[in-house]
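These notes are about the structure you will find just below.
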Amino acid sequence: MTSGSGIEDAGFLDRLQLIEAQPIEERASAYALLHDELREALDAADRAAGAADRASGATDRAAR
Numbered sequence: 008m009t010s011g012s013g014i015e016d017a018g019f020l021d022r023l024q025l026i027e028a029q030p031i032e033e034r035a036s037a038y039a040l041l042h043d044e045l046r047e048a049l050d051a052a053d054r055a056a057g058a059a060d061r062a063s064g065a066t067d068r069a070a071r
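Residues in the sequence shown are numbered from 8 upward in steps of one, following my numbering.
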């Protein structure tokens, strides 16, 4: 994970360690929750990047 992604590296690693410490029967649901959170963060970053690209394109067109 990179800084600025909304997910702190240390917090992510701590969560992975907590998941791994759980009995194997409980890990799947914990990993599924983590997966959903990561997907949500990536989707939000993609939306923000797309909005920035669209705004940049509008600014470029207005400058012409």
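All C-beta atoms, glycine included, are put in the ideal place defined by N, C-alpha and C. Computed from a prediction, not measured in an experiment: that's the story for all the values here.
In its own chain, which residues sit with a C-beta less than 7 Å from the C-beta of residue i, not counting the 5 before and 5 after it?
{"i": "R22", "result": "L41"}
Select from the options the residue whose C-alpha is nearest the C-alpha of residue i.
{"i": "I26", "options": "A58, G18, A62 and Y38", "result": "Y38"}
DSSP three-state label for residue i, please.
{"i": "Q24", "result": "helix"}
{"i": "T9", "result": "Summary for T9: the model assigns pLDDT 47, below 50, so the residue's position carries little reliability; its value from the coordinates is reported in the next sentence. If DSSP states are grouped into helix, strand and coil, T9 belongs with coil."}
Note down, in chain order, each residue of its chain lying with its Cβ closer than 8 Å to the Cβ of residue i, except the 5 sequence neighbours on either side.
{"i": "Q29", "result": "A37"}
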